[in-house]
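Numbering (UniProt numbering), first residue to last: 1 to 256.
Here it is in structure tokens:
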């Protein structure tokens with residue numbers, strides 16, 4: 001009886017995952033980046049921004065850190081929309097790379113994940129954390145599940161996201177994992193994040209960001225079905241930066 005209940009519970013969670021995937025991936029058009037994001041694409045005295053056909057990279061000119069972050073964007077979102085949070089993390093000295101591969105096409109199987117290719121294109125970064133917003137977190141989790149021999153990936157930051165329950169990473173206790181969700185996120189709410197926590201290592205840290213919603217991880221405007229945030233977009237990115245660094249990047253760095 002216990003086994004049957006467990007099977008039913010897991011089946012219900014997989015149905016929940018399918019519903020979430022549909023709500024996050026079915027959109028009419030790519031959400032363009034706002035002016036705030038476009039402004040963050042400009043190089044400065046401290047931050048160097050490099051764009052290629054496959055990725056956007058942010059470097060602190062005064063840092064030589066070899067622990068870096070690879071961001072997988074949300075579905076149907078212009079990758080440039082994550083420029084501000086990438087720039088803030090780079091300001092702390094960590095090189096940050098945004099994958100430009102459309103997440104919705106990777107999820108649909110139309111395009112392969114380019115995580116490995118992007119990593120190989122940035123060989124000076126020897127230890128990686130993957131970060132994924134929404135569908136991007138599913139892609140990051142799948143890469144980890146499908147590439148257990150890639151020892152360069154040391155951590156994962158899920159921003160309003162979750163692993164694919166068909167490819168759980170619960171056995172990867174060697175990774176430093178943080179799942180960060182917003183109090184006001186009505187697309188991937190707390191209940192869904194906690195309901196899929198079994199897909200994570202038991203060592204993972206799950207953190208609520210007070211006042212945060214789903215869309216303000218990036219800069220692409222309001223998202224249908226989301227709730228209104230109780231903090232500003234800038235505040236959400238500062239808190240997201242702080243959590244990602246404290247819970248993942250700095251821990252990877254200290255373990256090197």
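Just so it is clear, CB atoms sit at the ideal spot from N, CA and C, and this is done for glycine as well.
8 Å contact criterion, which residue 111 and residue 102 should meet: CB distance rounded: 7 Å
**Asked** Going by the CB atoms, is the gap between residue 93 and residue 63 shorter than 8 Å?
**Response** yes
Q.
Does the structure place the segment 189-208 close enough to the segment 164-177 that three or more beta carbon pairs sit under 8 Å?
A. yes
Checklist entry - Shortest alpha-carbon distance to residue 96 belongs to which of 132, 108, 113? => result 132
When the Cα of residue 208 is compared with those of 152, 158, 153, which residue comes out closest?
158
### Task
Inspect the beta-carbon positions of residue 78 and residue 220 and report whether they are closer than 8 Å.
yes
Measuring straight from C-alpha to C-alpha, what distance separates residue 212 and residue 231?
6 Å
Reduced DSSP category for residue 207 - H, G, I as helix; E, B as strand; rest coil: strand
request  = Could you have a look at residue 191 and say whether DSSP puts it in helix, strand or coil?
outcome  = helix
Excluding the 5 residues flanking residue 138 on each side, which residues of the same chain have their C-beta closer than 6 Å to its C-beta?
164
_Per-residue burial, residue 240 [other beta carbons within 10 Å of its own, 16 or more giving buried]_ = buried
- Which word fits residue 88, buried or exposed, when buried means at least 16 other C-beta atoms lie within 10 angstroms of its C-beta? buried
Quiz item: Looking at the unbroken alpha helix (DSSP H) that takes in residue 137, where does it start and where does it end?
Solution: 135-146
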